[in-house]
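Asker: Please see the structure below; I have some questions.
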Amino acid sequence: MFKKMLRLSCIVIPLLVGCTENAEQPTSMAPDFTLQDLSGNTVSLSDFKGKVVLIDFFATWCPPCRASVPAIERLHTNYTDKGLVVLAISLDEGKWDYVKSFQSEYGITYTILKGTDDVAMQYMVRTIPTLVIADKKGNVWKRIIGFGNEEYLEEQIKTLLQS
563 MFKKMLRLSC IVIPLLVGCT ENAEQPTSMA PDFTLQDLSG NTVSLSDFKG KVVLIDFFAT
623 WCPPCRASVP AIERLHTNYT DKGLVVLAIS LDEGKWDYVK SFQSEYGITY TILKGTDDVA
683 MQYMVRTIPT LVIADKKGNV WKRIIGFGNE EYLEEQIKTL LQS
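Just so you know, we're using our numbering here: the sequence shown kicks off at 563 and counts up by one.
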């Protein structure tokens, strides 16, 4: 049921509100999670304390998610050595072989994790793409629904990396 609602909201909500940006300062700790990557290794958000973390909730069937991949890949390439970690959480529900081929087709070098409904609900994901930026202390800095402003996203990441 969650996946059906997510698919519907992926289409409807961006049309109604476009890309929204959370302009608030950090309000809460990013919920910790432990998920498997596409190779079966476990990855926990808490492994990256002291780093800025960009979490991208996406699905391979989502056109805006696909369109955001080149920008997220650029951020990963340009800022990993400065302390950025990109974690993409796939909400493709069990289609992991397809997600692997998607990763290869799009040249994605950042980590893709096998998402769960529980993690999506902890992060209040109601539509995709949803991007969450966590600061070095693990606080949620920004929540961005939709994708469309790469410059804004880069500015936020640079600000956190310099702090």
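Don't be surprised by glycine CBs; every beta carbon is placed ideally from N, CA and C.
Run through DSSP, which three-state label would Phe619 get?
Answerer: As a working mapping, residue 619 is identified with position 57 in the sequence shown. Phe619 falls in the strand class under three-state DSSP.
Asker: Determine the burial state of Gln665: buried for a count of at least 16 other Cβ atoms within 10 Å of its Cβ, exposed for fewer.
Answerer: As a position in the sequence shown, residue 665 is number 103, starting the count at 1. It counts as buried.
Asker: Who are the near neighbours of Ala629 in its chain, counting only those whose CB is closer than 6 Å to its CB and skipping five residues on each side?
Answerer: The residue labelled residue 629 in the question sits at position 67 within the sequence shown. The answer is none, since no qualifying residue turns up.
Asker: Does the stretch 599 to 606 come close enough to the stretch 681 to 701 to have 3 or more Cβ pairs within less than 8 Å?
Answerer: The answer is no - the stretch 681 to 701 does not touch the stretch 599 to 606, with fewer than three Cβ pairs under 8 Å.
Asker: Apart from the five residues just before and just after Ser608, which ones in its own chain have a Cβ nearer than 6 Å to its Cβ?
Answerer: As a first step, residue 608 must be located in the sequence shown, where it is residue number 46. The answer, listed in chain order, is Asp594.
Asker: So what's Ile651 in DSSP terms, helix, strand or just coil?
Answerer: The residue labelled residue 651 in the question sits at position 89 within the sequence shown. Note: Ile651 maps to strand in three-state DSSP.
Asker: With distances taken Cα to Cα, identify the nearest neighbour of Thr673 among Gly708, Pro625, Cys624, Phe619.
Answerer: Taking the sequence shown and counting its residues from 1, the one referred to as residue 673 is at position 111. Comparing Cα positions, the closest option is Phe619.
Asker: Do you know offhand how far Ile706's Cα is from Ser663's?
Answerer: Mapped onto the sequence shown, residue 706 falls at position 144. Mapped onto the sequence shown, residue 663 falls at position 101. Cα to Cα, Ile706 sits roughly 26 Å from Ser663.
Asker: How should Tyr685 be labelled, buried or exposed, when 16 other C-beta atoms within 10 angstroms of its C-beta is the threshold for buried?
Answerer: Translated into the one-based positions of the sequence shown, residue 685 becomes position 123. Under this definition Tyr685 is a buried residue.
Asker: So Phe610 packs on Val648, CB below 8 Å; how close in whole Å?
Answerer: Looking up residue 610 in the sequence shown gives position 48. Looking up residue 648 in the sequence shown gives position 86. Not a contact, Cβ separation roughly 10 Å.
Asker: Let me confirm a value: Thr622 is counted as buried when at least 16 other C-beta atoms fall within 10 Å, else exposed. Which label applies?
Answerer: By 1-based counting over the sequence shown, the position of residue 622 is 60. Counting Cβ neighbours within 10 Å, Thr622 comes out buried, since at least 16 surround it.
Asker: Please go through the stretch 640 to 718 and give each complete alpha helix (DSSP H) segment of 4 or more residues, from N-terminal end onward.
Answerer: Within the stretch 640 to 718, the complete alpha helix (DSSP H) runs of at least 4 residues are 658 to 668, 679 to 684.
Asker: Looking only at its chain, what residues have a beta carbon closer than 6 Å to the beta carbon of Asp599, apart from the 5 residues adjacent to it on each side?
Answerer: Within the sequence shown, the letter at position 37 stands for residue 599. Within the same chain, Asp599 has close Cβ partners Val605, Thr673, Leu675.
Asker: Can you tell me the Cα-Cα spacing of Gly700 and Leu693, whole angstroms?
Answerer: Position 138 of the sequence shown, counted from the start, is the residue given in the question as residue 700. Position 131 of the sequence shown, counted from the start, is the residue given in the question as residue 693. Straight-line Cα distance between these residues: approximately 15 Å.
Asker: Mapping DSSP to helix, strand and coil, what is Ser606?
Answerer: Your numbering for residue 606 matches position 44 in the sequence shown. Reduced to three states, the DSSP call for Ser606 is strand.
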